[in-house]
Every structure is written in structure tokens, then in C-alpha cells.
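*Asks:* Residue numbers (full-length UniProt numbering), protein chains in the order written: chain L, 1 to 309; chain C, 1 to 309; chain F, 1 to 309; chain D, 1 to 309. For glycine and all other residues, C-beta sits at the position ideal for the given N, C-alpha and C.
Number of protein chains: 4
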Amino acid sequence: MPDLAETLSDITARMLAEPERGHVADYIPELAKVSPQHFGITVITADGQEQSAGDAHVPFSIQSVSKVFALVEALQSHGEAVWARVGREPSGSAFNSIVQLEAEGGRPRNPFINAGAIAVTDLIAAGHEPREGIGAILRLVRRLTGDPSITVDGAVAYSEAATGFRNAGLANFMKSFGIIAGPVGNTLDVYFHQCAIAMTTRQLARAGRFLMNAGVCPDSGNAIVTPERSRRIAALMLTCGHYDASGDFAFKVGLPAKSGVGGGILAIAPGQASIAVWSPGLSPQGNSLLGTQALEDLSRAMGWNVFQP
Amino acid sequence: MPDLAETLSDITARMLAEPERGHVADYIPELAKVSPQHFGITVITADGQEQSAGDAHVPFSIQSVSKVFALVEALQSHGEAVWARVGREPSGSAFNSIVQLEAEGGRPRNPFINAGAIAVTDLIAAGHEPREGIGAILRLVRRLTGDPSITVDGAVAYSEAATGFRNAGLANFMKSFGIIAGPVGNTLDVYFHQCAIAMTTRQLARAGRFLMNAGVCPDSGNAIVTPERSRRIAALMLTCGHYDASGDFAFKVGLPAKSGVGGGILAIAPGQASIAVWSPGLSPQGNSLLGTQALEDLSRAMGWNVFQP
Amino acid sequence: MPDLAETLSDITARMLAEPERGHVADYIPELAKVSPQHFGITVITADGQEQSAGDAHVPFSIQSVSKVFALVEALQSHGEAVWARVGREPSGSAFNSIVQLEAEGGRPRNPFINAGAIAVTDLIAAGHEPREGIGAILRLVRRLTGDPSITVDGAVAYSEAATGFRNAGLANFMKSFGIIAGPVGNTLDVYFHQCAIAMTTRQLARAGRFLMNAGVCPDSGNAIVTPERSRRIAALMLTCGHYDASGDFAFKVGLPAKSGVGGGILAIAPGQASIAVWSPGLSPQGNSLLGTQALEDLSRAMGWNVFQP
Amino acid sequence: MPDLAETLSDITARMLAEPERGHVADYIPELAKVSPQHFGITVITADGQEQSAGDAHVPFSIQSVSKVFALVEALQSHGEAVWARVGREPSGSAFNSIVQLEAEGGRPRNPFINAGAIAVTDLIAAGHEPREGIGAILRLVRRLTGDPSITVDGAVAYSEAATGFRNAGLANFMKSFGIIAGPVGNTLDVYFHQCAIAMTTRQLARAGRFLMNAGVCPDSGNAIVTPERSRRIAALMLTCGHYDASGDFAFKVGLPAKSGVGGGILAIAPGQASIAVWSPGLSPQGNSLLGTQALEDLSRAMGWNVFQP
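As C-alpha cells, this is what we get:
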């Protein structure tokens, strides 16, 4: 196996030099301010080695990567009842599509598209003040990283709420089918704040370690989820983690991963590595262009691929 | 790890006793004659061990499992040009849906739904007589199994052709977009025959060995596909192998697999096992009901799951 | 031509005796309280004759019939700019469908489905307090009828707002595409109030007279709209006035008409009659079951049909 | 009322001078050869006056205008059973869309989209040789016009069949749902031939006279259809005659009409006129661009509009 530090250094050099960087998300004004020149990557291996390269210390908005943490939180608090709200199938549609909801009684296809994540967040939010819901998700992320400094970027959260009409459309639509229990405004408030959590790739790779480790947080030795749930969350990340480019990502990279429109991706090589990469420019499907390329290069170089014998 | 023979025996006993067996496919008259009481399973491990239980010697119509072999044949003969014809994304729709084709210029989402498999078969069929096309696929299957007796069930092939109006609809529709090159009738002829290939679970598990083995056929030591292609075919099986129940199968079983409406499923545990199971009763999505259940039990019992650390 | 009073009396007797009355709308709790036994009808002819039968003095919630008045108000205040917001095509979908919006950039197909009416109302509402918007529509209806007593049923308006999540979904979704200019809450407030306007069939038939009369209100002789706009509004009523049963209504009745889920229908025989009918039980498409039947009988009896030579 | 001859002459002069002429249909090679410079129009009034201008003597391919004649023939031979095969609703989709079929059990929305017309033609074709089916439609057209010279353009019919994969897709898809009774090839054969009937505007206007005349052919005094059926066919033409531009045509022109991709349109002013116009350049929705414009001008000039008091 090649040297990890050297591999990351090579990949980072190539990515920094890449002229085609994709387009930074501009539908949330605050995100549009971020430079597409950024590239950062962190890998933490199962034996505890940690390697970073590039802008691994620069916080970015994790956006939809937060859907993984919200799902974990909802599974911890509501167990299998989560699956009455959302399915486990790729949607075949864009991240913010509403078409499938109308045909299928308002139940989102999976927890990693916007509608599904809002339905999951509603489970966490319902019956509480919004600050309690976002507090629960933040506490989980801080516990997973051992870093109490992680917090919500208020400017991004405000920007999301001020422009989040499509998500408000999805939430109200689901409410009309009874898929959302709480007041729509509260649920969206939690959702917009969880999307606005800011993390570095070092923090995000740390937060993902339990998923490479059969559900156990390596710091404490505590089970965050059971081994079965850990495998199942990974399966969902593989089949649904990149919206309607999930199949292509599985084909090329072969790792469970979840992307966000802030340009971050969390990828898991079960039993081998937790990987976080960040580059703000996006593909047309809304996934980090260079982040995806870097993961393809890394998985090939290190032989990390769940379909590898 | 538990004893494989005992595990298969236990699973088979449970499956034979299961009262809820699903519904045998009835849209092809010849398939409707098969008894839902059948259950057979064969596992071949990476070290060459082979274990079967139940009706492992009874031939059944492999139907859509043939899509894997057609894809391999097309990749061998046409290389990456295959991907100009079909995508690599889950469709989010039923196995015979035409809706997505209209919206996306006639290009099927992936090679494992009917439209995609017809487009792949057209690559094999075009410029040849139909019997040459089906001959190429049969030769591949015979080579993979080392069994020259495998052939097409003529009655099933005739039954498919006589009732295959939906597939004729898909093929003509794609032809109108230029996705099908050859005469539609020839392409369908090859397609209907490849679906009608009859195999036992023993034969099917043998045919799948190269996919557990990084693309190499263990009998000859010859590479059927490169290791990368082997991983990528497995990725497609995981994300697209069970139509619009693919996500749920990945969630519950965690193995690349391809099902057919004849009730067969070929599943691969990379580096560990090639598994074929058969039970003719289907779920509403068109996948073997007890076959899926058996694979869930087997994967849990043996710890075969690509998301397992 | 048969005697109008006798014809209405016969129709009303048949409708009151009809055992199959459809289902009263139950998604707005306040509407669910209305008895399906009601049936009322009023016809005002071009020469000023007015005939009623049945419950012509009982106020009911006009619901989507208000979409005609909102369109007239928006055309008066914004002219042809209305058509930048909504199209003029039948949608082929249910009254509250969101699917078409996603595919067509958020622009509703026509002003007589919910999304289109909300977009039209937004033109009236934007830049004003909600009570000014609803005031403008009420003033128009009072002017058309000469009846200043017509008002909003506050309990229905409250009930609509409390349960109108689907409409809130549509409005937010359109807002995300820039089709809604004002604050979503304000626009919905006006929309829910206009739907809750209560009228009798006598009042509603009076309000429709300008449309049988080339746009001129017969009381004042003032043009409400130009003759061309009057014809065009009638065309929209014929092609889009009954959601996805509009074609069947044109086929059977042959008159421009607009229905509402309160069970009211306003139909126009140009140059001949303004007709209002009310019976609360609905067809599966959301149109008054007996109201439609009564209009079919009336149009056949009186020879009122725009396709009649 | 203005002078008809002068009005037609003015319109024709304007249309001949119009620089923007649309695009001639090119998916049928034979149609692509026709010059977009052509413009012809014929009006026959209820009192028997006939006026033409422009290329009224040049035969063109009537294409989908034939759907009106096929519907009449099927209603004559099969009565109301026609409506078990096709609906009476605007489709909200393109002329050759297949999406709606999948969602609605293979039953086309109306007889004036391709799928619906094929289903209607199948009623005429089933149980007969293809030449008998096309013979029945030709006999009807010859009877309506009193012109036995009208026939099928063989080159166009051949061109349609050789490239009609989309229609073959629709037909096979419907066959899979049981909506097509006969052999698909036979039904398509009749369909392709009826589309290839060649007529001049003079002939087409003559063929439409019964629809302005309550179903009675003015030559013979014989009823082709009952007055009710005549009104109902007109209603279908108004709501469905221009594919997904039907609403806009009703809005602007206000007359029942059926267009074809050959550039012809047959329009009916009930009790007033039968109008045929031809100009081969099409709008994006597949309707004659200048033909539509000419009808808008003519209907305004003559006051022919079903929504006119």
C-alpha cells in the first residue's frame, strides 16, 4: 500500500492545479462568497493515523453532510420508527425534487435527499423548541469529534432561512400528507441550522470514525449505533449519498459517502478509514467536483473500495 | 464463522416452511406454470468450497440475471462505449418503466432495468444474425460455468416474444431516439432468448465466481474482466440490481446482487463467496421474496456484507 | 325552447331525489359540515329574466369559483402581465398537483388550478396588506352583483389557513422560482380569504352576468372587461375550469364553467345565460357531482352549448 | 361583417410576406421536402359560399387532421365503445408523449394525441386486412368531399412506416395493457396510411362541412353523425386539437380545430363556416405557425368565435 501522506500530498497538488473547479453553490448567498480555490482533505485510518493536506483547517458549511448526523440522532431517539417516515431507496431525482412526494403519499424516498432529511429532522424537532433540536444534533457532532467548539454559522443559517422557499415548499407539502408532525416553521428552523454547522475536514473525518468502526466511537469505546445500524447507514450513503449521481459515485469510487452543497464529502472505508474532503465547486448534480475526483484517486491508490475482494 | 452447510440447511428448512411465498410472475405464461414451493440455494466460497441445499439441481429461467452476463459480453466487445448507451444510476422506477426514457432522450438509466438491458443487448446483436448474438451470451455463460449443457428454454423464449409488447414498446421508443442501432426485431429476439436461459443455482453460482474473484475465472485463471470492471459491475449490482427495491436490498443484505422475475438471484460477497438462490414467488417489486429473505439471513449469519469492517 | 322555470323545477326535483350525491370535501373541516342534501340553481338570461329552484338562497363557500373573480381583478390591475405568471393550458393533473411546476420553472399551467390562482392572487396582494387584497376582490364581487352584503365566511377562512399546507407547499415552491413576489404568508392569507367568500346561487349567477354579456355589467352598462377578454376568460373556463375533468365537462355540457370544492359551479352560455348551481357532494376530480349533472341536463334542454350551430 | 374574399386575400398577403415561418417537420423525411413558403386557405360558409386564397389547390399531407375522420369512422362503426379505449381530457403533454400511458393503465387521454388516435384506428383496423381499414377512412373522406380522387400519398406512408419507431413504441406499450386488440403491425399500417392522406385546403374545408352543420353533410342531406356527436367532436377539437397548445389556441382563436404536422388545420365555426388552412412551418408544439396566426386574424375579422355572445 502506498504511503498515505505522500498520496494525499500528490492528490492535493493535482487538485489545486486543476483549472476546471465547478460552480460554487449560489442559491444560498452566504455560500456564494466562498472561493472555489479551496481544497482540503483529511484521512483517519482504523489504527488511528491521521493525515491532512490542503485547507484542512478551514471551516466550511457541512450542509447535507449533516443529514448523516441527523439520521443517527433520530435513530438513537426514535429507533426503527424513522422508517415509517422515510424510505431507503435512491430517488432517481434531483436533491430538491418534489415530484416523487406527490406520487408516493408525501413519504420521501430516503433520508439523504432534502425532503427526507426534513422529515428526519422533524422527528428530532417535534415537541421541542427549535434550539433544543439543533442542540441535540450539535451535541452528537461534538461527542463524535471530542471538539466542543463546533457550532452553527449564524450567517449561513440566516441566509438559508431567508432563501429556503424550496425547502419550505417540501416541508409544507409533506405536512399536508401528515409526514411532518411539528409546526413547519420549527422543523425548518432546526433543519436550516443543522445545514449551517461549520466544520473543517479534520473535524469531519473525526466525526465519521464510528462508521468505519462498526458504530463504535474510538475515543470513548462507546457504541454510537449498533454494528448493524452502522452497516445500514453506510449502505444508504452508498446508494443515496450523492443525489442522482449516487450510482456513478459508487461505480467510480466504491465507498459509502455523503456530500453537501458546501463542497464537503464524508466518505467511509469500513474497517479502514474515515475520509473528509472539501472543495466548494460543484458538479451539475450538486456534489463537490474536485472532492469526488480526489476520492476516486484516493480509493484507487489505497485500494479502499467496498467491492474490492 | 458458522458452518456453511449447516447454515444453508437451516435457512432452507425455514424457507420451505414459510407460508407467505409471494406471487409467481404471470405475465409470461410459461413462467406462471412454476410452483412457488421451490427453494434452492448454492454457495461457492473463494477457497473453492461449494455447498447447496434445496432445489439446487432444478433449472429455472434466469430472466434478468442474464443482464449481468449481457453487460459483461458488451463490455468485452465494445468497452467503455457501452456507457454512451446506458447510464449508471438507479432509476427510482419500476423495472419496465418508460417514463424516464422520455425525459432523458431515450437513454436508460442503467443496464439492469429492461430498457437498459435491451440497449446493451443491441450492442451485442447489431450487425449479426440473432442466433449469433444469443450465441455470444451463451458461450460466455458456458465458459464461466465450464458447463456446455446450459441452453435457452425455447418454450420460455417463445412465450416471452409472444407477450413482450412492453419490451417492444421500450425498444421502439429507444429506437426513435437512436439508442437502438439494429433492427428492433433482431435485438428483441436476442433479448428474449437471453432472458430464457435456464440454469440451476449450482450453475448460476459457478457463473458468478469471477465477480467474487476480481474478474478472474477460477477454473482457467483467465481474466473475464479487469479488477476495476469487476468492482464496477458489483457497484451497479448493489445500486441497481433489484429495480426500485435496490436500496432496501443494500440496506438489509449489503451485497451486490441481481434478481430476475424467474425467482433467481445472483449475489456476490467480494473475495468471499458467489451465491445463487432461487424461489419463484416474487415481491411486488418483482424480486424473489424468499430468495431475498434467505440472502438476508445468510449474509447476517456468515458476516458477508460489503459494509462490514 | 322549453319553459325555463319548468325546466329548473324538473331538474331540481330529479337532483333532490338522486341517491348518489358524491362526497362533501372533508380536507377543510368547516366544509365537511355541510349536508350533501343541498341543491340549488339560478339562471339569469340575457334579457334579464331570473329563475331559481331549490336552495338558491343558502350561502355556500364559493372556493375555486373565486379564481374567476381574482383573474378579472388581476387583469384589470395588471393587464397582460398576468400571463407572465401563469399559462393558458389545461394541466392534465389534479387541482393541487405540484409535479408540473417542477418541470416548468415554477410557472403554473393556468389560472384555474390552485398554483395558478395563488400566482394570480399574489399579483393582487403584493405590496399591500392582506385585507386590502381581499378587499379588492370583495369589492369586485359586490359591484358585479350589486349586493354589498357579500362577505368572507371567517370560520371557513380560518379553517383553510389552519389546514392549507398543500397550498403553502405550492406557494413556497413557486416563490423559490420567483413566481411569487410578495411574502408567501400574505399571499396565502388573501388566497384563503377569497376561497372563503360565501354566496348563494342567486348572487353567483348575478356575478357572472358580465361574462354572458361580452364583458359588460348589465346593471351599470359599464365594461368590466373588454369583449375580447370576456371571450378569453370563457375559453379558459371551458378548457381549464374543471381541473382534470375539464375535457369531459366540455364534451358533455359544452359551456364555459368554473367549479369549486364547496360544490358551486358558475357556467356561462355566451349571449344567453349566466347559470349558478350548487350541490356540495363532489366527484373524485373535485367537481360538484349533481351540479355537473344538472348543467348537462339544462344545456341539453335549453340548447345552450357553444358548439351548437 | 367584412367581405370574406377580401379578408382572405388580406390575410394571405400578410402570411406570404411573414419572414418567421416556423420549421417544417423533419422527422418524416418526405415531409421535410415541402417548402415553408406555401400558404393556402379555404372557407366554406353555412350558406354554401366558398372562398379560397393562396395555395388552395396544392395537396399536402393531412397527418393528424386525419384523427378527426378516424374518430368519426370509429364512432360510426363502434359507437360509445370508443370511449372505453380513449378518454376525453387534454393530456397536458406533447403529441407523442408516453408518460401518461404508464400512469393511467395504457389508456390514452384523448383521441387527438398519437396514442389515442392509434387506439381509435385499432378499432377500425381490428379483424380486417390493413387495406380494408384505410379503405374505410378514405371512403368517409371521399363521401364528405364528394371527391373520389382523394388518396394516400404512398411515399409519405412509406416514409412514416420506415421512421415511425415512436409510434411503434406507443402502440406496443398500449398493446401490453390490452388497449390494442389487433396485431400491432396491422394497426400501425392503417395509422401510417391515414396520416399520409393528401388533400388541398379546398378538399379539407369541404370535408369539415358536416361539423359546422350539426353533423349533416350539405351535399346529400345525410347525417354523418348526430347533432350531439357533432357538438362533442367539436368540444374535443377545442380542448385537445392542438396538443399542448390547445388551451392557447382556444384562448386566441376560440374555434374547435385540429392541426397536423403537415401544416394543415381544419377549424369549425359551428353554424357559420368550415375553414381549412395550410402552411408547412410549425411552432415548437407542432402546429402550423402561420396557419394558427391566420385563423386568429380570420376569427377576429369575421367575429367567428364560439365564446362570442
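#1: Out of C/S149, C/G154 and C/A117, point me to the one whose CA is closest to C/A171's CA.
#2: Indicate the three-state DSSP secondary structure (helix, strand or coil) for L/L282 in the structure shown.
#3: Any C-beta of chain A sitting closer than 7 angstroms to the C-beta of D/R206?
#4: Is the separation between the beta-carbon of L/L295 and that of L/V261 shorter than 7 angstroms?
#5: Mind listing the chain F neighbours of D/L238? Cutoff is C-beta to C-beta under 9 angstroms, in chain order.
#6: Using DSSP with H/G/I as helix, E/B as strand and the rest coil, what is L/M212?
#7: Taking F/P130 and F/D189 to be in contact with their CB atoms under 8 angstroms, please state how far apart those CB atoms are, rounded to whole angstroms.
#8: Assuming F/A136 is part of the alpha helix (DSSP H), what are its boundary residues?
#9: Return the chain-ordered ranges of every alpha helix (DSSP H) run that is complete within the region 243-301 of chain C and spans a minimum of 4 residues.
#10: Whose C-beta lies closer than 6 angstroms to the C-beta of D/E50 among residues of the same chain, with five residues either side of it excluded?
#11: Does DSSP put D/Q308 in a helix, in a strand, or in coil?
#12: State yes or no: is the C-beta of L/R166 within less than 7 angstroms of the C-beta of F/S149?
#13: Shorter than 7 angstroms from the beta carbon of L/P2 to some beta carbon of chain C?
#14: Hey, L/F173 and L/G92 are a contact pair by Cβ (cut 8 angstroms); roughly how many whole angstroms apart?
#15: Against chain C, with Cβ distances strictly below 7 angstroms, would L/E50 count as a contact?
#16: I need the straight-line Cα distance from C/M302 to C/M1, nearest angstrom please.
#17: Count the other CB atoms within 10 Å of the CB of D/T226; is the residue buried (16 or more) or exposed (fewer)?
#18: CA-CA distance, L/A103 and L/R85?
#19: Report the three-state DSSP secondary structure of C/Q51 (helix, strand or coil).
#20: Is the beta carbon of residue 316 of chain L less than 7 angstroms from the beta carbon of L/I197?
#21: Please compile the residues from chain F whose C-beta is within a distance smaller than 9 angstroms of the C-beta of L/A198.
#22: For the alpha helix (DSSP H) holding F/M15, just list the boundary residues, first then last.
#23: Any beta carbon of chain C sitting closer than 7 angstroms to that of D/G271?
#24: Look at the alpha carbon of residue 312 of chain F and the alpha carbon of F/A257, and state the distance between them as a whole number of angstroms.
#25: Would you decide whether F/N213 is buried or exposed? Buried here means 16 or more other CB atoms lie within 10 Å of its CB.
#26: Would you say C/R166 faces chain D, with C-beta separation under 7 angstroms as the test?
#27: Beta-carbon separation of L/A276 and L/T12 under 7 angstroms?
#28: Taking C-alpha atoms, which residue in L/Y243, L/F39 and L/D26 lies nearest to L/E20?
#29: When the cut-off is 7 angstroms and only beta carbons count, does L/I113 lie next to chain F?
#30: Between the Cα of C/R229 and those of C/W83, C/P36, C/I28 and C/A273, spot the shortest distance and give me the residue it belongs to.
#31: Can you tell me whether DSSP reads L/F39 as helix, strand or coil?
#32: Just to confirm, is the Cβ distance from F/A17 to F/D26 under 7 angstroms?
#33: Since C/M1 is in the alpha helix (DSSP H), which residue starts that stretch and which ends it?
#34: So L/I233 is in the alpha helix (DSSP H); what residue range does that whole segment cover?
#35: Output yes if chain L places a C-beta closer than 7 angstroms to the C-beta of C/E104; else output no.
#36: Pick from L/A70, L/S246, L/V34 and L/Q272: whose alpha carbon is nearest that of L/G133?
*Replies:* If we stick to the structure as given:
#1: C/A117
#2: In the structure shown, L/L282 sits in a strand (DSSP, three-state: E or B).
#3: This model lacks chain A altogether; the protein chains it does include are L, C, F and D.
#4: No, the Cβ-Cβ distance between L/L295 and L/V261 is not below 7 angstroms.
#5: A235, L238, T239, A250, V306 and F307
#6: helix
#7: 4 angstroms
#8: That run of the alpha helix (DSSP H) goes P130 to T145.
#9: 246-252
#10: Result list for D/E50: I44, in chain order.
#11: Of the three classes helix, strand and coil, the one that applies to D/Q308 here is coil, per DSSP.
#12: no
#13: no
#14: Going by Cβ atoms, the distance from L/F173 to L/G92 rounds to 18 angstroms, so no, they are not a contact pair.
#15: Output row for L/E50: interface = no.
#16: If you draw a straight line from the Cα of C/M302 to the Cα of C/M1, it comes to about 6 angstroms.
#17: exposed
#18: 15 angstroms
#19: strand
#20: Summary: the structure shown does not reach residue 316 of chain L, with chain L confined to residues 1 through 309, and so no result is reported for it.
#21: Per Cβ cutoff of 9 angstroms: no residues; L/A198 is ~24 angstroms from chain F at best.
#22: Under the DSSP assignment, F/M15 falls in the alpha helix (DSSP H) whose first and last residues are L4 to A17.
#23: In terms of beta-carbon proximity, D/G271 stays away from the interface with chain C, with every pair separated by 7 angstroms or more.
#24: What is shown of chain F runs 1 to 309, which leaves residue 312 of chain F out entirely.
#25: With 16 or more other Cβ atoms inside 10 Å of its own Cβ, F/N213 counts as buried.
#26: yes
#27: no
#28: L/F39
#29: no
#30: C/W83
#31: coil
#32: Not in contact: F/A17 and F/D26 (Cβ atoms no closer than 7 angstroms).
#33: Where C/M1 is concerned, there is no enclosing alpha helix (DSSP H), given that its DSSP letter is neither H nor E.
#34: P227 to C240
#35: no
#36: L/A70
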